[in-house]
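First the structure, in the form of structure tokens, and then the observations on it.
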Amino acid sequence: MFLIDTNRQGQVVTDAVVNQSIDNYLVNDLKLPGHGLMMYVNRPAVIVGINQNVTAEVDFHYLAKHDVQLVRRTSGGGAVYHDERNLIFEHIVNGDPQDGSQFGDYAGFAAPILKALAAMGVPDLAVSQKSNLVVGDKKFSGMTMFKNGDGYAAGGTIMYDLNVAAAHQALIPVSERRHRGVASNRVPITNLRQYLAPAYQNLDIQDFKTVLLQHIFEVDRLDEVETYHLSAHDWEIIDQRLAEKYQTDAWNYGANPGLRAYHRLTLAAGQLHVNYTRHAGELRSVALFGTVGTPAELLAITDQLTGQPATTAAVQAILQRPAVTAVLGADAVAPLTKILVEEA
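With full-length UniProt numbering, letter number 75 in the sequence shown gets 75, and the count goes up by one each step, no holes.
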């Protein structure tokens with residue numbers, strides 16, 4: 001196993017959209033043969049699974065107020081909150097690394113992480129429910145995988161000292177969800193800091209990352225580890241993929257199950273994301289979300305729009321209702337009608 005350095009020109013990258021795209025580049029484009037491991041830190045972000053509906057998972061008002069990124073990954077799994085006190089690890093495998101690695105073997109990919117944490121004093125470590133890493137009965141990591149040809153990525157989080165209160169505020173409680181798509185399964189979580197040996201409890205996140213990697217690779221210094229450093233050419237392609245897909249609102253906000261088209265409107269009341277499917281002259285499904293109104297108010301409006309003819313008369317009749325304009329504002333009528341109406 002070798003180490004993959006995700007720094008850019010010697011600088012640590014904490015943009016969650018960028019970091020999340022690196023594993024896709026390594027699996028889909030670069031295809032380095034063998035078994036690599038990368039580990040990084042994100043600034044505050046909510047990461048949702050490829051098959052999840054963001055309207056069911058995140059509080060958009062909280063994200064906007066606290067400058068929290070929303071990022072869609074290309075693997076499955078549930079929504080998770082990241083911040084600067086949380087590590088993300090990714091095993092990148094291309095071809096046959098001849099070390100026993102197999103796609104779908106969560107326990108196998110968790111093993112070096114758990115072994116290192118145990119050496120650092122964490123007790124009662126295990127893999128639970130196939131892909132959760134736990135200490136006792138509390139989860140500190142959820143693992144996911146994605147595959148392309150004979151390459152794949154297997155990764156997860158390591159909650160060192162995550163702001164758990166912020167995580168609870170950024171993610172919508174189960175009781176308030178209504179959606180299509182794969183739902184997140186909320187389980188008791190814990191940070192690892194309190195379980196570590198005293199020598200490791202007061203490290204900053206970058207020092208914790210370094211020490212953890214030293215234990216994983218069983219070295220005294222990381223310069224003893226075979227390392228692949230992303231080159232300027234690598235970053236050119238990563239930037240291209242970001243512009244094409246991973247950095248777009250259409251991917252991160254709009255790639256929701258059962259909804260095909262996506263637009264974003266800036267209104268006097270706030271940002272409104274518009275996701276819908278139009279078929280045979282009818283609005284088959286509609287989702288409105290963002291920092292306009294409350295989720296319940298927007299859901300009531302989408303319920304009125306869903307199933308209506310995609311005509312100017314039908315759409316405007318709904319958008320001009322006093323209860324609707326009280327939420328969206330009068331300035332939403334014309335642009336939203338243009339988006340939703342077939343002949344616009």
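Even glycine gets a Cβ: it sits at the ideal position worked out from N, Cα and C.
Item	Value
Does DSSP put T306 in a helix, a strand or coil?	coil
Let me check one thing: in DSSP terms, what residues is Y228 bridge-paired to?	I4
Kindly give me the distance between the Cβ atoms of G77 and G142, rounded to whole angstroms, as I take these residues to be in contact under 8 Å.	6 Å
What is the DSSP secondary structure of V327, reduced to helix, strand or coil?	helix
From the DSSP output, which residues share a beta bridge with T144?	G155
Grouping DSSP H, G and I as helix and E and B as strand, with all else coil, what is S21?	helix
Extract the residue ranges of the beta strand (DSSP E) inside the region 264-312, only unbroken runs of 3 or more that lie entirely within it.	270-279, 282-290
How far does the alpha helix (DSSP H) with V58 in it extend, from its first residue to its last?	Careful: V58 lies outside any alpha helix (DSSP H) and carries neither H nor E.
Candidates G290, I238, P44: which alpha carbon is nearest D249's?	G290
Taking three-plus beta-carbon pairs below 8 Å as touching, is the region 234-245 in contact with the region 56-64?	no
Note down, in chain order, each residue of its chain lying with its Cβ closer than 6 Å to the Cβ of T277, except the 5 sequence neighbours on either side.	L259, R260, R284, S285
Please list, in chain order, all residues of the same chain as A310 whose beta carbon is under 7 Å from its beta carbon, the five residues on each side excluded.	R278, G281, E282, L283, L340, V341, E342
Is Q316 closer than 8 Å to V333 when the C-beta atoms are compared?	yes
Span of the beta strand (DSSP E) holding H82?	80-82
Exposed or buried, which one is E90 when buried takes at least 16 other CB atoms within 10 Å?	buried
Helix, strand or coil for E218? Go by DSSP, reduced to three states.	coil
Provide the residue span of the beta strand (DSSP E) that contains V41, from first to last.	34-41
Do the region 116-125 and the region 64-76 touch if we need at least three Cβ pairs shorter than 8 Å?	no
Counting along the chain, where does the alpha helix (DSSP H) carrying N94 start and finish?	Here N94 belongs to no alpha helix (DSSP H); instead the beta strand (DSSP E) covers 86-94.
Between Q206 and the rest of its own chain, which residues show a CB-CB distance below 8 Å, the 5 nearest in sequence each way excluded?	V12, V41
Could you compute how far the alpha carbon of H273 sits from the alpha carbon of V211?	42 Å
Identify whether L171 lies in helix, strand or coil by the three-state DSSP scheme.	strand
Quick one: is E226 buried, meaning 16 or more other Cβ sit within 10 Å of its Cβ, or exposed?	exposed
Compute the distance between the beta-carbons of V80 and H35, then report whether it is under 8 Å.	no
Tell me whether Q11 sits in a helix, a strand or coil according to DSSP, three-state version.	strand
Can you tell me whether D23 is buried or exposed? The criterion is at least 16 other CB atoms within 10 Å of its CB, across all chains shown.	buried
CB R193 to CB D161, shorter than 8 Å?	yes
What did DSSP end up calling V46 once you bin it into helix, strand or coil?	strand
On the DSSP letters alone, give me the boundaries of the beta strand (DSSP E) that N132 sits inside.	132-135
How many Å lie between residue 386 and L32 at the Cα?	With the chain represented from 1 up to 344, any question about residue 386 goes unanswered, as that position is not in the structure.
Could you check if K209 is buried or exposed, using at least 16 other CB atoms within 10 Å of its CB as the buried criterion?	buried
Within 10 angstroms of its Cβ, does K139 collect 16 or more other Cβ (buried), or is it exposed?	buried
By the 10 Å Cβ neighbour count, where 16 or more other Cβ atoms means buried, how is P257 classified, buried or exposed?	exposed
Using the Cβ count rule (16 or more neighbours within 10 Å means buried), how would you classify D303?	exposed
Here's the rule: buried if 16 or more other CB atoms are within 10 angstroms of the residue's CB, otherwise exposed. What is Q52?	buried
Look at T6 and H82 and say whether their C-beta atoms are less than 8 Å apart.	no
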